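J.: Let me give you the structure first, and then I'll get to my questions.
Protein chains: 2
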Amino acid sequence: MEIGSMDRYIKSLIKEAGHRIRNSFLTDIVVQSKADANDLVTNIDKDIEQFFISRIRKDFPGHRVFGEEGFGDTIEDLEGIVWLLDPIDGTMNFVHQKRNFAISLGVYQDGVGKLGYIYDVMNDDLYHAIHQGGAYYNDEQLNPLPETDIATSIIAMNATWAGPNRYVDHEGTIRLIRDVRGVRSYGSAALELAYLASGRVDAYISMRLSPWDIAGGMVLVKEVGGLATNFSGQDANLLEQDTFVAANSSIHQKLLTDYLRKK
Amino acid sequence: MEIGSMDRYIKSLIKEAGHRIRNSFLTDIVVQSKADANDLVTNIDKDIEQFFISRIRKDFPGHRVFGEEGFGDTIEDLEGIVWLLDPIDGTMNFVHQKRNFAISLGVYQDGVGKLGYIYDVMNDDLYHAIHQGGAYYNDEQLNPLPETDIATSIIAMNATWAGPNRYVDHEGTIRLIRDVRGVRSYGSAALELAYLASGRVDAYISMRLSPWDIAGGMVLVKEVGGLATNFSGQDANLLEQDTFVAANSSIHQKLLTDYLRKK
């Protein structure tokens, strides 16, 4: 693939999708639950995924698409070119706040992240990265992540993980919350990765993320020198749900060894 | 006081202060710690408080000012007209993120909140309310808060309060986190109250807030039918630090009785 022209194509596609999402607030939004009562999906999530997929199939017929809402391909490996798409990451925010959600898209070639996009739709803020070509916030190049220590770090993590849960020893997360400078939670994995890539938080931690939540953000985070793995320190899983920690390189290992003990 | 002209005066003053804060990013910001290592203050917090106080003293010589940085009056009662000011609420965000902080201002007459302002400086978003005159987001009137039940509510609360702490039985907060639809944390009490007043979250809870953190937001929240008390259900404390819960009226009592057990 010719990376520069794909980048221009994708930016244009994402902006058009964002326009459609903003327009959707003029119409009725139908909210349903998926896996559990708080796992929301709307007709707009589905419409936007189908919009992306129809364009990608027409313009890139050899590529495969792995999308949250299931209109894409069944993906069991990352051979060739795979687009990993979340049409609306942060659907709960979309429904309750009408803001703080994002389009998340990563394009991978044989498992290597080549292009990553996170579009904060309501703020019209685009974060993007090109493998070995830099990461950008509205076309302004982002700096390499600063080194921090735990005591001066701000981490993004949901309060859910401070209580007993099936994924992680919560005594470790409680200790982490006590040791860091601050904890934030914005309700969109994609936006939280964009905030990490742009230096507003120093780590993002979640016990349960899907490939489309992290695919775009991982390209961004790696391009500014950050690390992204599961809690065992392995490459973040792009085929199924897994634990996830992304951080600047100076605290990533410490988060794994000192605080995040997988059950 | 003539409320309409004071409202116009204050809006203009806040916008000028916001301009000064945005300009401060062009210069060096000096960061210090206050009560503990993570309780930050900068030269800009101090400059902005002094800016407000000099203007208020000149133009409203009979009024008193209660400000976070201590340049105002010593306040031991709320007689007469008192301005409660936080020049930068969310100083940690100001320092680390250069966004997600606010100017917070409430004007009280004999203990009654007459005017409330929360200015999201970087987004140029002004939330304000006039006692019995409505609450507004950028001059668009806000609706009365919707009724919710706990299971469909989004609450703003820091993850800190899910671990053992001196203020509240954390088993209760962990249960709350499990029972609600979602938990968010933005790192600025003023902004979180503005988000409550504008319906983006359904409650805001903190174990330790100061009068200037909540004075402006309380006018907003009450004007859209919300309730704001300490954990004992008493009027929120405007003279000293206290626990704090603000919510729509359909869940406020349930938060107090079922979840927030003060130690």
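Protein chains in written order, with numbering that gives the first Met the number 0: chain A, 0 to 262; chain B, 0 to 262.
Even glycine gets a Cβ: it sits at the ideal position worked out from N, Cα and C.
Given the structure is predicted, the values throughout are model-derived calculations rather than measurements.
1) Would DSSP call B/GLN96 helix, strand or coil?
2) Please say whether A/GLU1 and A/GLY133 have beta carbons closer to each other than 8 Å?
3) So B/ILE20 and B/VAL120 are in contact, right, with Cβ under 8 Å, and what is the actual spacing, rounded?
4) Closest to B/ILE28 by CA distance: which of B/GLY69, B/THR228, B/ALA161 and B/LYS97 is it?
5) Compare the C-beta of A/THR159 against all C-beta atoms of chain B and say whether one is closer than 8 Å.
6) Establish whether the CB of B/TYR166 and some CB of chain A are separated by less than 8 Å.
7) For B/GLU239, tell me which candidate among B/PRO210, B/ASN229 and B/VAL220 has the shortest Cα-Cα distance.
8) Three-state secondary structure (DSSP) at A/LYS113?
9) Would you mind listing the alpha helix (DSSP H) stretches within the stretch 28-85 of chain B that are 4+ residues and don't spill past its ends, in chain order?
10) Run through chain B and tell me which residues come within less than 7 Å of A/TYR334, C-beta to C-beta.
11) By a C-beta neighbour count over all protein chains shown, 10 Å radius and 16 as the cutoff for buried, is A/ASN157 buried or exposed?
12) Please list the segments of the alpha helix (DSSP H) lying wholly inside the stretch 115-185 of chain A, counting only runs of 4 or more residues, in order along the chain.
13) Closest Cβ-Cβ distance between B/VAL269 and chain A: below 8 Å?
14) State yes or no: is the beta carbon of A/ASN37 nearer than 8 Å to at least one beta carbon in chain B?
15) At 7 Å on the CB atoms, spell out the chain A contacts of B/GLY61, in chain order.
16) Going along chain B, which residues have a C-beta under 9 Å from A/TYR185?
17) Below 6 Å CB to CB, which residues in the same chain sit around B/LEU104 once its five sequence neighbours on both sides are set aside?
18) Any C-beta of chain B within less than 8 Å: which residues of the stretch 9-36 of chain A qualify?
19) Chain A partners of B/GLY162, CB-CB under 7 Å?
20) Assign A/SER152 to buried or exposed, taking buried as 16 or more other Cβ atoms, counted over all protein chains shown, within 10 Å of its Cβ.
21) If you run the structure through DSSP and keep just helix, strand and coil, what is A/LEU12?
22) I'd like to know whether the C-beta of B/GLN140 is nearer than 8 Å to at least one C-beta of chain A.
23) When you compare each of A/ARG207, A/ARG180 and A/TYR203 to A/ASN164 by their alpha carbons, which one comes out closest?
24) Just to make sure I have the definition right: I need the residues of chain A whose C-beta is within less than 8 Å of the C-beta of B/MET264. Which are they?
25) Are the stretch 188-202 of chain B and the stretch 220-235 of chain B touching by the rule of at least three beta carbon pairs closer than 8 Å?
26) How big is the Cα-Cα spacing for A/GLN233 and B/HIS130?
27) Find the residues of chain B that neighbour A/GLN96, judging by a C-beta separation of less than 7 Å, and give them in chain order.
28) My output table needs one value for A/VAL200: the three-state DSSP class, helix, strand or coil.
29) Under 8 Å, Cβ to Cβ, is there at least one residue of chain A near B/MET156?
30) Name the residue from B/VAL179, B/ASN229 and B/LEU114 whose alpha carbon lies nearest to the alpha carbon of A/ASP35.
31) What is the rounded straight-line gap between the Cα of B/GLY71 and the Cα of A/ARG183?
32) Following the continuous beta strand (DSSP E) through A/ALA246, name the residue where it begins and the one where it ends.
33) Are the CB atoms of B/PHE100 and B/SER187 within a distance shorter than 8 Å?
34) Please report the straight-line C-alpha distance between A/ARG177 and B/THR159, rounded to a whole angstrom.
35) Apart from the five residues just before and just after A/LEU190, which ones in its own chain have a Cβ nearer than 8 Å to its Cβ?
36) Between A/ASN247 and A/THR172, is the Cβ-Cβ spacing less than 8 Å?
T.: Taking the coordinates as given:
1) In the second sequence, the residue the question calls residue 96 of chain B occupies position 97. Helix at B/GLN96.
2) Mapped onto the first sequence, residue 133 of chain A falls at position 134. Mapped onto the first sequence, residue 1 of chain A falls at position 2. The Cβ-Cβ distance between A/GLY133 and A/GLU1 does not fall below 8 Å.
3) For the purposes of this step, residue 20 of chain B is identified with residue 21 of the second sequence, where counting begins at 1. For the purposes of this step, residue 120 of chain B is identified with residue 121 of the second sequence, where counting begins at 1. Indeed, because the Cβ distance is near 5 Å, the residues count as touching under 8 Å.
4) Locating residue 28 of chain B in the second sequence gives position 29, counting from the first residue. It is B/LYS97.
5) Counting from one through the first sequence, the residue named residue 159 of chain A turns up at place 160. Closer than 8 Å: yes.
6) Here residue 166 of chain B is taken as the residue at index 167 of the second sequence, counted from 1. B/TYR166 has a beta carbon lying at 8 Å or more from every beta carbon in chain A.
7) Within the second sequence, the letter at position 240 stands for residue 239 of chain B. Considering only alpha carbons, the answer is B/PRO210.
8) Residue mapping note: residue 113 of chain A aligns to position 114 of the first sequence, counting from 1. In the structure shown, A/LYS113 sits in a strand (DSSP, three-state: E or B).
9) 42-58
10) Residue coverage of chain A in this structure runs from 0 to 262, which leaves residue 334 of chain A outside it and unanswerable.
11) Translated into the one-based positions of the first sequence, residue 157 of chain A becomes position 158. Buried, because 16 or more other Cβ atoms sit within 10 Å of the Cβ of A/ASN157.
12) 169-178
13) Outside the shown range of chain B (0 to 262) lies residue 269 of chain B, about which nothing can therefore be said.
14) In the first sequence, residue 37 of chain A corresponds to position 38, counting from 1. Chain B, which has a Cβ nearer than 8 Å to the Cβ of A/ASN37, makes this yes.
15) Position 62 of the second sequence, counted from the start, is the residue given in the question as residue 61 of chain B. The premise fails here: B/GLY61 is roughly 39 Å from chain A at the closest Cβ pair, so nothing lies under 7 Å.
16) Here residue 185 of chain A corresponds to residue number 186 of the first sequence, with the count starting at 1. Within 9 Å Cβ-Cβ: ARG183, SER184 and TYR185.
17) The count along the second sequence starts at 1 and reaches residue 104 of chain B at position 105. Excluding five sequence positions before and after B/LEU104, the CB atoms of its chain that fall closer than 6 Å to its own CB belong to LEU84, TYR116 and GLY215, given in chain order.
18) Interface annotation for the stretch 9-36 of chain A against chain B: ALA36, criterion Cβ-Cβ distance under 8 Å.
19) Here residue 162 of chain B is taken as the residue at index 163 of the second sequence, counted from 1. Here the neighbours are ALA161, ILE173, ILE176 and ARG177.
20) Start at 1 with the first residue of the first sequence, and residue 152 of chain A comes out as number 153. Classification for A/SER152: buried.
21) Here residue 12 of chain A is taken as the residue at index 13 of the first sequence, counted from 1. DSSP places A/LEU12 in helix when its eight states are reduced to three.
22) Translated into the one-based positions of the second sequence, residue 140 of chain B becomes position 141. Taking Cβ atoms only, chain A never reaches closer than 8 Å to B/GLN140, which makes this a no.
23) Residue 164 of chain A sits at position 165 when you count from the first residue of the first sequence. Of the candidates A/ARG207, A/ARG180 and A/TYR203, A/ARG207 places its Cα closest to the Cα of A/ASN164.
24) In the structure displayed, chain B extends from 0 to 262; residue 264 of chain B sits before or after that span and is not available.
25) yes
26) Residue mapping note: residue 233 of chain A aligns to position 234 of the first sequence, counting from 1. Residue mapping note: residue 130 of chain B aligns to position 131 of the second sequence, counting from 1. Between A/GLN233 and B/HIS130, the alpha-carbon positions lie close to 56 Å from each other.
27) Position 97 of the first sequence, counted from the start, is the residue given in the question as residue 96 of chain A. Going along chain B in sequence order, the residues near A/GLN96 (Cβ under 7 Å) are ARG199.
28) If you number the first sequence from 1, residue 200 of chain A lands on position 201. A/VAL200: coil per DSSP, three-state reduction.
29) Taking the first residue of the second sequence as 1, we reach residue 156 of chain B at position 157. Interface residue, yes.
30) In the first sequence, counting from the first residue as 1, residue 35 of chain A sits at position 36. Of B/VAL179, B/ASN229 and B/LEU114, the residue nearest in Cα terms is B/VAL179.
31) Indexing the second sequence from 1 puts residue 71 of chain B at position 72. Indexing the first sequence from 1 puts residue 183 of chain A at position 184. Their Cα atoms are separated by approximately 31 Å.
32) Within the first sequence, numbered from 1, the residue matching residue 246 of chain A stands at position 247. Unbroken beta strand (DSSP E) run through A/ALA246: 241-246.
33) Translated into positions along the second sequence, residue 187 of chain B becomes position 188. Translated into positions along the second sequence, residue 100 of chain B becomes position 101. It is a contact, given that the beta carbons lie within the stated cut-off.
34) Along the first sequence, read from residue 1 onward, the residue named residue 177 of chain A stands at position 178. Along the second sequence, read from residue 1 onward, the residue named residue 159 of chain B stands at position 160. Looking at the two C-alpha atoms, the distance is approximately 7 Å.
35) As a working note, residue 190 of chain A is residue 191 in the first sequence. Cβ neighbours of A/LEU190 beyond the five flanking positions: ASP88, GLY89, ASN99, PHE100, ALA101, ILE117 and ASP119.
36) Numbered from its first residue, the first sequence carries residue 247 of chain A at position 248. Numbered from its first residue, the first sequence carries residue 172 of chain A at position 173. Cβ distance not < 8 Å, so A/ASN247 and A/THR172 don't count as in contact.
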